[in-house]
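Participant: When we follow UniProt numbering, the leftmost residue of the sequence shown carries the number 1, and every step to the right adds one.
Glycine included, every Cβ here is placed at the ideal spot set by N, Cα and C.
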Amino acid sequence: MACSGVCKGWIKHATLINNCYPTGPGETGPKSSELSYLIFYANSKPAKLTKCGVYLDKRVSTDVRKRKKLDTEVSLQIIKALLDACNYNLNLFSKNVLKIILASLSTNDIDIVARAASVFITFCSYHDGSTLGVDSEFTEIYENLILSFAQYAICKESDLNIEWRYRSIGLHALRGVITSEALYATNAQTQLQYIVPAVLHNLSDKNISLETLQKKDIDKEPANNDSSQSRRLSLSITTTSAEDNANLAYQCLKQLYKKSDTSNLHYYLEPTFNFLDETDKWRPSSFGISLVLIILSSLQERHVLVSDIIDQLENLSDDSNSVQKKATLVEMLSSILNSDFTVVGLSTLEVLDCLLRLLKDSLKSANNKNVENSHDLDTFISQRLISCIGGLATHIYYANQISDIMEHIIQHLCLQPDILDSPQSSQRVSGSNQSFIEEGIPLSDLRNALLKCLDVVVQTNKDSELRHSEMTRCDVPVEIFHNSIGLCMDENLNVRIAFAQVLSKFLDNGGMPQESKEIGSTQLTYFNQPAIHFLNTLHLSLYQYALSKSSQPADHVALLTLLRALLVRFRADQIIRGIPVVFKLQSEAKEENLTGFAHQRALASVIVLYFRDIAAVLDIPELQKYVEEVQSKRMEKHQWSTYIKPTSSENDLNNVDTFKSFEDEIFDSNNHPLQPIDIWLDRQVIVPILCQHKELLVMGGEQLQDKLMAEWKPEEGFDIVKKEAYKIRSSRITEDDKPRISFTPFIMTLEDNSGDLSKPSIKVENLRDTLAQQMANDSSEHETSVTSDLESINMIPLGNGAGKKRKKKPKSDINSFLQSIDTKAASSTTSLVNPPYRS
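(1) DSSP three-state label for I11, please.
(2) Under three-state DSSP, which class holds P442?
(3) Could you pull out every residue in the same chain whose Cβ sits closer than 8 Å to the Cβ of F534, ignoring the five residues on either side in sequence?
(4) Would you mind working out which of K660, V627 and F662 sits nearest P646, comparing C-alpha positions?
(5) What residue ranges within the stretch 74-116 form continuous alpha helix (DSSP H) runs of no fewer than 4 residues, ordered along the chain?
(6) Comparing C-alpha positions only, which one of S180, P621 and H539 sits nearest to E715?
(7) Rounded to a whole number of angstroms, what is the C-alpha to C-alpha distance between V113 and L105?
(8) Rounded to a whole number of angstroms, what is the C-alpha to C-alpha distance between K8 and Q151?
(9) Checking 8 Å against the spacing of the C-beta atoms, do V304 and I336 come in under that value?
(10) If you reduce the DSSP assignment to three classes, tell me which class residue 845 lands in.
(11) Taking one C-beta from the stretch 607-626 and one from the stretch 655-664 each time, how about it: are there three or more such pairs within less than 8 Å?
(12) What residue range is occupied by the uninterrupted alpha helix (DSSP H) comprising G53?
(13) Please list the segments of the alpha helix (DSSP H) lying wholly inside the stretch 292-340, counting only runs of 4 or more residues, in order along the chain.
(14) Thinking C-beta only, is A117 closer than 8 Å to A153?
(15) From the DSSP output, read off the bridge partner residues of P673.
(16) Which term fits C453, buried or exposed, when burial requires 16 or more other beta carbons within 10 angstroms of its beta carbon?
(17) Over the uninterrupted alpha helix (DSSP H) stretch that includes W164, give me the two end residues.
(18) Rank E301, V330 and I381 by C-alpha distance to the C-alpha of V344 and give the top, closest one.
(19) So which of V134, K360 and R175 has the shortest CA-CA distance to A185?
(20) Could you say which of S148, F149 and L98 lies nearest to T131 if we only look at CA atoms?
(21) In chain order, what residues of the same chain lie with their CB nearer than 6 Å to the CB of L256, ignoring the 5 residues before and after it?
(22) Which first and last residues belong to the alpha helix (DSSP H) in which Y152 is found?
(23) With a CB to CB cut of under 6 Å and the five nearest residues on each side skipped, what residues in its chain are close to S298?
(24) Measuring straight from C-alpha to C-alpha, what distance separates Q544 and S347?
(25) Might you give, ordered along the chain, the residues of its own chain that have their beta carbon closer than 6 Å to the beta carbon of A498, omitting 5 neighbours on each side?
(26) Suppose the cutoff is 6 Å on Cβ atoms and the five residues either side in sequence are ignored; what does the same chain contact list for I409 look like?
(27) Under 8 Å, with one C-beta from each stretch per pair, do the stretch 75-88 and the stretch 135-150 reach the 3-pair mark?
(28) Compare the beta carbon distance of S168 and T240 with 8 Å and say whether it is the shorter of the two.
(29) Using the C-alpha atoms, what's the distance from A393 back to F583?
(30) Looking at the structure shown, is N448 part of a helix, part of a strand, or coil, going by DSSP?
(31) Taking Cβ to Cβ, would you say N43 is nearer than 8 Å to C86?
(32) Figure out for me which residue from Q705, V617 and R601 has the closest Cα to the Cα of W640.
(33) By a C-beta neighbour count over all protein chains shown, 10 Å radius and 16 as the cutoff for buried, is C414 buried or exposed?
(34) Within a Cβ cutoff of 7 Å, which residues of the same chain sit near K281, ignoring the five residues on either side of it in sequence?
(35) Got a sec? Which residues, its chain only, sit under 8 Å from C20 by beta carbon, not counting five neighbours each side?
(36) Taking buried to mean at least 16 other C-beta atoms within 10 Å of its own C-beta, is S365 buried or exposed?
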């Protein structure tokens, strides 16, 4: 028998296939009995699947050319039935399946396209990607099919119903690719270049709110959101809507990123950012922010997303066209870092360093531009970068994270390390801030921005302390601010006020939860040496600050705020160490060693309010009564500064007027001329009252009155600070002086840096000398007994648990242990590398 276009006759597989096609009128699908026999035949003889695939491929090509719609649809149903029944042998006819689907799409008939998409979805559910990249022809056809369905997903038609249905078909097909193992088995870069833009296109419609879809998804998760549901494409539904397609695209986007990993995540993010570039979706930023949060919620390796956004920011050009893109990228980053999602694997200090570098670039750009709109956008970018830095303190990943963040920011403040070497140094602090340029930025602008970063980090950490039952707490030692104390004497008023705000907020633990207050108020046995050095240095700096010739009324509000914060933080310690300094300031004011009577009134008013705070904090009614009497007499005689409110709580540093100067103060609020002060606090009255307080007695001991009556001298204060700094430095072994362990093939020895001694092996003598030196260093560090500061102990308690202090081992035990060591032990060839059992 002759063979025409499609071979038949004596070929059994062709006969079985042809028998499946309907012959009677009204029949629309394959004959069930013949189809069952065909499936049985294919399962019995898997080798025949290749011939079945070739035959069906030829028949569909002929039917498409002759426009036989019914036969084409039946062929698609037959091939789908074979896929379901013979999926274990899919590779035997997979290429023919793809050719059949591709030929069916060329009909441009929406019903046939829908049927072909259904077959493609079934194919993707069984395809493992093993042939992708191996068979170049198969790979090309597969990628062409993805491209075709991606084009359907973004098609435009005059009839909206047809357009929406085409898009639904395309999205269902793409979802089949997304849920297929093949996408993650090979390099999917080409496939993602087609899939991602098509999915995002259906989410970027002006009538679709991505944020609304996200909220709906959070409120109610889909009941059956598994991969099997993605294979369902109902061919009976011929009407759909833009909202239905948006929901489908939203699910595609989530599933797309859910299965990504670190090795190929960049291939997913690259087309995402390219889509935003090509469609100019950077502004407004709401779409980009919602998009990145959806991606974040689906990802496992979230730190890669952060790194990719930072790379995008660092690679941006400086032209005006990229400013809007930069603003949205920064907002994306801020949303990620301030979200409730933890970003495990994030390198905090590396990200911080990049953010600070970007912040400096933004400040430099804002300083160089004269265009108002562009300048406003640069200012907005700087604010969002500061928010990003604060976001790094939202989630704690290791114990010293907050300390490291704050220390890193302080290092960028361009501080002079020996700012308090002598009393004359206060006149040369920082140079001229208005003219000094650091990295192309006015120094005052740079410091203000960095202090805002510190402020938001401190505030974020305090907020986490208030919620420490849900988050981990990270305590910060007070000496972290030591190198920044010189900012009290900065020439720029805004810098001085900003620093006082940050430091007072850090020191004031009044807003901490009750449990933390109890821990903080516990008087422990010693205060570490760096914290003592910090407190003494700060007292010295505040003394200079109060007497500065450039002092303004706002500075005295800042001085009062800092003194109150120190009092709340250190309580008895601050009183014993600080009162001699405060009375020295009163003596300076009394001797009129200030710039004028207005300056005198402001400083004296601050001192009175400070003693009112002492009375309130320690609950000393007698002291409060005396101080209020002095305050009332001054007000009656018009000796109270108009720049200082009558109570400490009214003096808010956040609302202080930085434009007022002492030259403006002539009359009080009732237009009475202000007078020089002749009513002063009597030290002989105050000190005996304080000496009766139990907490001060416990801390000061028998010499409490002598300590409170001691005459404080600035020169001695400088000497004390220098000696303490030297003691801290000398108690630490520098890197060059530390012995280094060197490894040799035979024995491990200690290298001595002097070079003139022989290399000793590790023996008991080394251990004893090291322990003895360490004990001497420890004793020198803790020779002063004062109040312990909570932040001098770095710990990270979880939940509601409080940190426990480690017991200090008695020195007598250590001495007895050292005495028991025989330093004259016989030499031995045994070492860490040559243990005894090898001899």
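Facilitator: Straight from the coordinates:
(1) coil
(2) strand
(3) V478, E479, F481, H482 and I485
(4) V627
(5) 94-105
(6) H539
(7) A straight line joining the alpha-carbon of V113 with that of L105 spans about 5 Å.
(8) Unreliable placement is indicated for K8, whose pLDDT of 46 sits below 50; the coordinate value is still reported in the next sentence. Going from the Cα of K8 to the Cα of Q151 covers about 37 Å.
(9) no
(10) A question about residue 845 goes unanswered here, because the residues of the chain that appear run from 1 up to 839.
(11) no
(12) K48 to R65
(13) Taken in chain order, the complete alpha helix (DSSP H) segments of 4 or more residues contained in the stretch 292-340 are 302-314 and 323-337.
(14) No.
(15) According to the DSSP secondary-structure assignment, P673 is paired through a beta bridge with F667.
(16) Buried.
(17) Looking at the DSSP string, the run of the alpha helix (DSSP H) that includes W164 is L160 to I178.
(18) E301
(19) That would be V134, whose Cα lies nearest to the Cα of A185.
(20) L98
(21) I178
(22) Its alpha helix (DSSP H) spans residues S136 to A153.
(23) Excluding residues within five positions, the ones whose Cβ falls inside 6 Å are K254, Y257 and K258.
(24) 40 Å
(25) N448 and L451
(26) L450, C453 and L454
(27) The stretch 75-88 vs the stretch 135-150: no contact.
(28) A contact, by the Cβ cut-off of 8 Å.
(29) 39 Å
(30) DSSP, read as helix, strand or coil, puts N448 in helix.
(31) yes
(32) R601
(33) exposed
(34) S204, F287 and G288
(35) P30, K31, E34, L35, L38, V74 and I78
(36) buried
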